[in-house]
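K.L.:
Below is the structure I would like to discuss, written out as C-alpha cells.
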Amino acid sequence: MSLLHLAIIAPFIIAVFVPLIYKNIKSVHTGWFILPLPILLFIYFSSFISKTTNKQVTMESFSWISSLGIDFTVKVDGLGLLFALLITGIGSLVILYSIYYLSKQKEKLNTFYVYLLLFMGAMLGVVLSDNLIVLYAFWELTSFSSFLLIGYWYNREKSRYGAQKSMIITVLGGLAMLGGIILLYNMTGTFSITEIVAQADTIIDHPLFVAALLCILLGAFTKSAQFPFHIWLPDAMEAPTPVSAYLHSATMVKAGIYLVARMSPVFAEDTLWMGLIIAFGLFTLFWGSFSAVKQTDLKSILAFSTISQLGLIMSLLGVGAAALHYEQPEYFMVATTAAIFHLMNHATFKGSLFMVVGIVDHETGTRDIRKLGGLMNLMPITFTIAIIGTFAMAGLPPFNGFLSKEMFFTGMINALHMDFDWSIIIPVIAWIASVFTFIYSMILVFKTFTGKYQPEKLEKKPHEAPIGMLISPIILASLVIVIGFFPNLVKPLLVPAIETIMPMYEFDVHISMWHGFNTELFMTIGVIIVGILMYLGLNKWRGIYGIFPEKITLNRFYDGLLDSMYKGSYSLNRNVMSGSINHYLSYMFIFMVVLIIGSLFGLDAFAFSTDNLAPIEFYEVILTFIVAAASIALLFTKSRIVSILLTGTIGYMVALLFIVFRAPDLALTQLVIETISVSLFLLCFYHLPKKLTDDPVPVKVRNAIISVGVGLFVILVGLTAHSTKLFDSISQYYIENTYSEAAGKNMVNVILVDFRGFDTMFEIAVLGIAALAIFGLIKLRRNGGKKIENK
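As C-alpha cells, then:
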C-alpha cells in the first residue's frame, strides 16, 4: 500500500481513535487533535502541484478483487488534485472553525469528528479513485456520512427529516450510477476510468451507451442537487454550520460536478449528454436564485444560492461539451475554465458566508432576517467578511466571483454560435438568474447588518465573535480578494484540471479583471441596475411567490410519495405478516416452486440422464416405500401420538438409508436428532390437545398443491444436478487429502472440523445465539414481560 492510499485511509484510521481521545482528554477540545490531519494532507497533496503542472499523472494500485477487475487504484491528475486540495484545505478551516463553534461541554464531539473524518476520507476516495466500483463505494459512503452529519442533532425532528431526505435521494441516485457503471463495464470490459476513456470513441455507438449516460447523470444530478432533486439540500441545512460550510459549499455537492467533469471525455460528444446538462443546469440556476429571494432564514438563502451556483457550474460543463460536439475547442476552453474557476471561487466565498451565518446565529440566537438588522456596528469584522463574500457571490468587482461570472457570461454568449435550436434562451436565462443572484446577495448582507436594530427579538445580546471563530472566514475572504486581484495565481491548479477533462487540446489560460467595454460588462451593469431597482422595490413584487400553491410543490410531492409508501407497506405487512408459520412457509414454498421450475424450463436448463447410476437394491425399495407410506399416513391421522410415532418412523428409516449408502456418521447424527425430537414431542404431549384440528377443505387443497410442487421441484433439481456435470466432483480431492493434509481417517469429521472449520464454527455460533435468544424470551415470559433486572 502506497502513501497515496494511506492519505485516503488516514481519516478512517484517526476516526477510530477519536472516541478514546474524547473520553480520556476532557480538558482540551477534541478538534485540536483532529486539525493536524487535514493540514498535513493539504501539504502532502500540494507537493503534487508541480507534477500536474508538467502534465504528470501519478497512479498507485493496490490489489483488492483482481479476479473481478476491482483494484484500489489511486490517480492524482489535475482534476483529482484540485478537489483533494479543496477537501483538505476547506476541511482544515472548517475543523478550526468548529473548535470555537461547538461547545465541548454541550456537544458530543466524539461523534461529530468521527462523522466528519468519515466524510473527508470518503470524499478523497471519490475524487482520487480510478476504479469506478471503488469510486462508487466511497460515493455511497459520502451519502452515509453526510446522513450522520446532517442528523447530528438527532433529537430535533427537522434534523432527522433532513438527514433521511438527503440519504434517500442521494443513495437512489447512487444506485442508478452503479447501474451506469455496470453498463460501462459491459461495453468496455473494465472498471478503470483511464481505460474507459481510452475506449470512448469505440463505445459511443453501443446500444447500452445512452442507458449508461442517463444512469451516470442521474447519480450526478442527485448528488449535486440539480432540479428536481435539489429538494434535499435546503432541509440539510439543519446540520451544524461547520457541516454546511464543508458539505454544502465545497465538497459533497461538488461530487456530482466532479463526476460530470471526469466522465466528460467519455460522453461529452453525445448531444443527449450536453443537452441534458445544459437544460437541467440552467433551470437549476434560475430556480435556485429565484427561490432564494423569498427565503427568510439565512441558511435557507445560502442553500438555494448553492443550488443556483451548482446549476451555473453544471450548465458551463454542458456548454463545454456542446463546444466539443461542434468542434469549437476555443469555446470549450472558455466554458470549462469558467466552470472550474467558479467551482474554486464558490468554495471560498460560500464557505466564508456559511461561517458568517453561523457566527450570526451563534451570537444572536436566530437566523431569521425578520428579527435581524443593525448588526454592522456590533459585529464589524463579521460584517466586513459578509460584504466580501456576498459581493463576490453577486459577481461584483474586484472580487473573484466577478471574474468567473464574466467568464460565465462569455460561455453563455458563445452558445449562440453553436447549432442549437434553443441556444438563444441560454444567455437570457443566465442573465435573469444573475439578477436574482444579485438580489438575494443584497438581502443576505443588508437585511442582516443594516437597518433597524431589534434587540427585543433576539435571544442573545449580540457582540463580535471570538477571534478563533473569525480566523477561518477571514482566510477565505482574503482568498476572495487575492484571487480577485491576482487570478493567475491559481493557474497551476486551473490549467491541469481543464487539461484532464480534454487532454487532446493545448490551453493557455489568462484571466484578467478588465476586458474593455464588451457584451459581458454591459450584462453585468444591467444586472446591477435591475438588481438594485428590484431590491429597493422588493415588497412591491415579492407577492409573485404567492402564485405558486404550497400544495403542489416538489416537497409536498416527496412527502406524499413517502407517506403513500409507508401506508402501502403497513397495509401489505398487516395483510401478509399474519403471525401464522403456515402462511409464511406457504409464501416461501410458492416462491421457490415458481422461481425454480420456471427457471428450469424457461431457460431450458432441465436435464435427465441415467448415466453412472448405481443399481437399485430390493431393500432400498422397501425402505423408501416405508418412508412414503408413513408420510402419506401422517396426512390422515387424527391422533397426535400417532403423528409423533409416524414422524419418528420416517426419521429412523432415513437413518437406515444412510447406513445402506455407507454414511455411518450421517446415520448416527440422524438417529441422535430423531431420538431427541421424538422424546421432546412426547414430553410435550401432555400439554397438547389429544386430537389434531381438521383444516378446511380449501386449506387442504392449497397445502396439497404446494406440497406436490415442492416435491416436484426438489426431484427436478436433483435430476438436473446429477445429469449436468460442469466440473469434476470435489469428493476425489477429499479422498486424496484427508489424511495427508489433516491427519484424519474419518473423512466426514475432517471436512467438518478442518476443511470447513470456519463454516462449522459459525454454525455453532448461530446455534449459540439462537439458544441465548430463546433463553431470554423464556425468562422474560416467566417474569410476566417485566424488565429483567440483574441481581
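In this note's numbering, the protein residues as written are -7 to 783.
Every residue gets a Cβ at the ideal spot worked out from N, C-alpha and C, and that includes glycine.
Taking Lys342 and Ser241 to be in contact with their CB atoms under 8 Å, please state how far apart those CB atoms are, rounded to whole angstroms.
P.N.:
Numbered from 1 along the sequence shown, position 350 holds the residue referred to as residue 342. Numbered from 1 along the sequence shown, position 249 holds the residue referred to as residue 241. Confirmed, Cβ separation roughly 4 Å.
K.L.:
Which same chain residues end up closer than 7 Å to Leu458 when comparing Cβ atoms and leaving out the 5 residues on each side of it in sequence?
P.N.:
For the purposes of this step, residue 458 is identified with residue 466 of the sequence shown, where counting begins at 1. Rather than Leu, the amino acid found at residue 458 in this sequence is Pro. If we look at Pro458 and ignore the five residues flanking it on each side, its Cβ neighbours are Tyr92.
K.L.:
In this structure, does DSSP put Asp746 in helix, strand or coil?
P.N.:
Reading the sequence shown from its first residue, position 754 is the one you call residue 746. The three-state reading of DSSP puts Asp746 in helix, counting H, G and I together.
K.L.:
Figure out for me which residue from Val652, Leu268, Ala735 and Met753 has the closest Cα to the Cα of Glu792.
P.N.:
With the chain covering -7 to 783 only, the question about residue 792 has no answer from this structure.
K.L.:
So, at 6 Å on beta carbons, what are the nonlocal neighbours of Leu78 in its own chain, with the 5 sequence-adjacent residues on each side left out?
P.N.:
Translated into positions along the sequence shown, residue 78 becomes position 86. Once the five neighbours on either side are set aside, the close Cβ partners of Leu78 are Ala242 and Ala339.
K.L.:
How many angstroms separate the CA atom of Ile780 from the CA atom of Phe375?
P.N.:
Counting from one through the sequence shown, the residue named residue 780 turns up at place 788. Counting from one through the sequence shown, the residue named residue 375 turns up at place 383. Reliability of the predicted coordinates at Ile780 is poor, the pLDDT of 44 falling under 50, and the value obtained from them is presented with this limitation in mind. For Ile780 and Phe375, the distance between alpha carbons rounds to 59 Å.
K.L.:
Just verifying my parser: in three-state terms, what is the DSSP assignment at Phe75?
P.N.:
Within the sequence shown, numbered from 1, the residue matching residue 75 stands at position 83. DSSP, reduced to helix, strand and coil, places Phe75 within a helical segment of the structure shown.
K.L.:
State the Cα-Cα distance for the pair Asn782 and Leu772, rounded to the nearest angstrom.
P.N.:
Counting from one through the sequence shown, the residue named residue 782 turns up at place 790. Counting from one through the sequence shown, the residue named residue 772 turns up at place 780. Per-residue confidence for Asn782 stands at a pLDDT of 42, beneath the threshold of 50, marking its modelled position as unreliable; the derived number appears in the next sentence. Their Cα atoms are separated by approximately 13 Å.
K.L.:
What's the C-alpha gap between Ser572 and Ser578?
P.N.:
Here residue 572 refers to the residue found at position 580 when the sequence shown is read from its first residue. Here residue 578 refers to the residue found at position 586 when the sequence shown is read from its first residue. Roughly 10 Å between the two C-alpha positions.
K.L.:
Taking the CB atoms as reference points, tell me whether Ala331 and Ile305 lie closer together than 7 Å.
P.N.:
By one-based count along the sequence shown, residue 331 stands at place 339. By one-based count along the sequence shown, residue 305 stands at place 313. Yes.
K.L.:
Would you identify the three-state DSSP class for Lys783, choosing helix, strand or coil?
P.N.:
Counted from its first residue, the sequence shown places residue 783 at position 791. In this predicted model, Lys783 has a pLDDT of only 37, less than 50, meaning its place in the structure is not dependable; the value taken from the coordinates is given anyway. Taken through DSSP and simplified to helix, strand or coil, Lys783 comes out as coil.
K.L.:
Is Gly70 near Glu491, with beta carbons less than 7 Å apart?
P.N.:
Taking the first residue of the sequence shown as 1, we reach residue 70 at position 78. Taking the first residue of the sequence shown as 1, we reach residue 491 at position 499. Yes, the pair counts as a contact, with Cβ atoms nearer than the cut-off.
K.L.:
How far does the alpha helix (DSSP H) with Ile418 in it extend, from its first residue to its last?
P.N.:
On the sequence shown, residue 418 is found 426 positions in, with the first residue counted as 1. Where Ile418 is concerned, the enclosing alpha helix (DSSP H) stretches over Ile417 to Phe441.
K.L.:
Ignore the nearest five residues each way along the sequence and tell me which others in Ala647's own chain have a CB closer than 6 Å to its CB.
P.N.:
In the sequence shown, the residue the question calls residue 647 occupies position 655. Ala659, Gln662 and Leu663.
K.L.:
Check Leu764 in the structure and name its three-state DSSP category.
P.N.:
Sequence index remark: in the sequence shown, residue 764 carries index 772 (1-based). In this structure, DSSP gives Leu764 a helical state, which the three-state scheme calls helix.
K.L.:
In chain order, which beta strand (DSSP E) runs of at least 3 residues are fully inside the stretch 34 to 109?
P.N.:
50 to 57 and 62 to 68
K.L.:
Could you round the C-beta distance between Lys215 and Gly248 to whole angstroms and report it? I think they count as a contact, below 8 Å.
P.N.:
For the purposes of this step, residue 215 is taken as the residue at position 223 of the sequence shown. For the purposes of this step, residue 248 is taken as the residue at position 256 of the sequence shown. Sure, about 4 Å apart at Cβ, within 8 Å.
K.L.:
Would you kindly check if the distance between the Cβ of Phe705 and the Cβ of Ile588 is under 7 Å?
P.N.:
If you number the sequence shown from 1, residue 588 lands on position 596. If you number the sequence shown from 1, residue 705 lands on position 713. The beta carbons of Ile588 and Phe705 sit closer together than 7 Å.
K.L.:
Considering only residues of the same chain and omitting the five flanking positions on each side of Leu73, which have a CB-CB separation below 8 Å?
P.N.:
As a working mapping, residue 73 is identified with position 81 in the sequence shown. So the qualifying residues of the chain are Phe37, Phe40, Ile41, Thr44, Leu485, Pro488 and Ala489.
K.L.:
On the premise that Asn392 lies in contact with Gly476, defined as a C-beta separation below 8 Å, what is that separation, rounded to the nearest angstrom?
P.N.:
Your numbering for residue 476 matches position 484 in the sequence shown. Your numbering for residue 392 matches position 400 in the sequence shown. Right, their Cβ atoms sit about 4 Å apart.
K.L.:
What do you get for Ser84, buried or exposed, if any count of 16 or more other CB atoms within 10 angstroms of its CB means buried?
P.N.:
As a first step, residue 84 is located in the sequence shown; it is residue number 92 there, counting from the start. Under this definition Ser84 is a buried residue.
K.L.:
Taking only beta-carbon atoms, is Pro465 less than 7 Å away from chain C?
P.N.:
Among the chains of the structure shown, chain C does not appear; only one protein chain is present.
K.L.:
Between Val119 and Phe4, what straight-line distance do the alpha-carbon atoms span, to the nearest angstrom?
P.N.:
Here residue 119 refers to the residue found at position 127 of the sequence shown. Here residue 4 refers to the residue found at position 12 of the sequence shown. Using only the alpha carbons, I get a separation of about 16 Å.
K.L.:
Leu675: buried (16+ other C-beta within 10 angstroms of its C-beta) or exposed?
P.N.:
Numbered from 1 along the sequence shown, position 683 holds the residue referred to as residue 675. Label assigned to Leu675: exposed.
K.L.:
Among the candidates Leu528, Asp122 and Phe259, whose CA atom is the shortest distance from the CA of Phe430?
P.N.:
What you label residue 430 is simply residue 438 of the sequence shown in a count that begins at 1. Checking every option, the nearest Cα to that of Phe430 belongs to Leu528.
K.L.:
Using the beta-carbon count (16 or more within 10 Å), is Val586 buried or exposed?
P.N.:
For the purposes of this step, residue 586 is taken as the residue at position 594 of the sequence shown. Val586 comes out exposed.
K.L.:
Would you identify the three-state DSSP class for Ser570, choosing helix, strand or coil?
P.N.:
Start at 1 with the first residue of the sequence shown, and residue 570 comes out as number 578. Coil.
K.L.:
In this structure, does DSSP put Ile633 in helix, strand or coil?
P.N.:
Along the sequence shown, one-based indexing puts residue 633 at 641. Ile633 falls in the helix class under three-state DSSP.
K.L.:
Return the chain-ordered list of same chain residues with a C-beta closer than 7 Å to the C-beta of Asn547, the five sequence neighbours on each side being excluded.
P.N.:
Looking up residue 547 in the sequence shown gives position 555. For Asn547, where only same-chain residues beyond five positions count, the Cβ hits under 7 Å are Ile223.
K.L.:
Identify every residue that forms a DSSP beta bridge with Ser121.
P.N.:
To locate residue 121, count along the sequence shown from 1; it is residue 129. Beta-bridge pairing links Ser121 to Val66.
K.L.:
Please give me, in chain order, every unbroken run of the alpha helix (DSSP H) with length at least 4 that falls completely inside the stretch 542 to 612.
P.N.:
If we require 4 residues or more, the alpha helix (DSSP H) runs fully inside the stretch 542 to 612 come out as 546 to 568 and 573 to 594.
K.L.:
In the DSSP output, what is Asp289 paired with across the bridge?
P.N.:
In the sequence shown, the residue the question calls residue 289 occupies position 297. Asp289 is bridged to Asp360.
K.L.:
Alpha carbon to alpha carbon, how far is Asp751 from Thr730?
P.N.:
The sequence position of residue 751 within the sequence shown is 759, counting from 1. The sequence position of residue 730 within the sequence shown is 738, counting from 1. Roughly 17 Å separates the two Cα atoms.
K.L.:
Which whole-angstrom value describes the C-beta separation of Ala228 and Gly154, a residue pair presumed to lie in contact below a C-beta threshold of 8 Å?
P.N.:
Looking up residue 228 in the sequence shown gives position 236. Looking up residue 154 in the sequence shown gives position 162. That pair is a contact at about 5 Å.
K.L.:
Exposed or buried, what is Gly590 when buried is set at 16 or more other beta-carbons lying within 10 Å of its beta-carbon?
P.N.:
Locating residue 590 in the sequence shown gives position 598, counting from the first residue. Label assigned to Gly590: exposed.
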